[in-house]
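Enquirer: Structure in structure tokens, see below.
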Amino acid sequence: MYLWIKALHVVSIISWMAGLLYLPRLFVYHSDAELKSIQSETFKVMEKRLAHAIMTPAMVMSWISGLFIAIHSGFYSENWFKIKFILAIFMTVFHFYLLNLQTKFNFDNNRHSNRFYRLINEIPTVLMLLIVGLVILKP
Numbered sequence: 030m031y032l033w034i035k036a037l038h039v040v041s042i043i044s045w046m047a048g049l050l051y052l053p054r055l056f057v058y059h060s061d062a063e064l065k066s067i068q069s070e071t072f073k074v075m076e077k078r079l080a081h082a083i084m085t086p087a088m089v090m091s092w093i094s095g096l097f098i099a100i101h102s103g104f105y106s107e108n109w110f111k112i113k114f115i116l117a118i119f120m121t122v123f124h125f126y127l128l129n130l131q132t133k134f135n136f137d138n139n140r141h142s143n144r145f146y147r148l149i150n151e152i153p154t155v156l157m158l159l160i161v162g163l164v165i166l167k168p
């Protein structure tokens, strides 16, 4: 059972990360689209489906399976895991920030430039590198 949950965790993380990397990229292009245009409306559908049908369920499964693994393996008491846990919280906060931005786009209330979205698109990459480094190296 443990290995199945571990596999579920890996798949969930991959799905979650794909969304965290792709949604800000959609925002880059959406921010350049004219309000109420067909292109803008298409981006709204894409962003909503990505955020609510893929990213959020993947995030929930990542947390459930990850906490199971941490408890089952005893990792929760190790220092590297405590740092990883804090970084996963930052990733979750970023996830909800993206959901907030998606809602603003949905109501044609975007206040940021495509440059802003290009910059925040790097946040999940940095978090991912740090988390994967901690998990593999266990310093």
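Under the numbering used here, the first residue of the sequence shown carries the number 30, and numbering increases by one thereafter.
Cβ atoms here follow ideal geometry from the backbone N, Cα and C, with glycine treated the same way.
Keep in mind it's a predicted model, so treat the numbers as computed, not measured.
Have a look at K123 and F134 and give me their C-alpha separation to the nearest angstrom.
Expert: A quick correction: the sequence has Phe, not Lys, at residue 123. Going from the Cα of F123 to the Cα of F134 covers about 16 Å.
Enquirer: Once the 5 residues before and after I112 are set aside, which same chain residues still bring their CB inside 7 Å of it?
Expert: Cβ contact annotation for I112 (same chain, cutoff 7 Å, sequence separation greater than five): L163, in chain order.
Enquirer: In angstroms with no decimal places, state the Cα-to-Cα distance between F136 and M120.
Expert: 25 Å
Enquirer: Does P53 pass the burial test, meaning 16 or more other C-beta atoms within 10 Å, or should it be called exposed?
Expert: buried
Enquirer: Would you mind sorting L158 into buried or exposed? The rule is 16 or more other CB atoms within 10 Å of its CB.
Expert: exposed
Enquirer: If Y146 and S60 are in contact, beta carbons under 8 Å, what's the gap, nearest whole angstrom?
Expert: 6 Å
Enquirer: In three-state DSSP terms, what is M30?
Expert: coil
Enquirer: Classify G48: buried if its beta carbon has 16 or more other beta carbons within 10 angstroms, exposed otherwise.
Expert: buried
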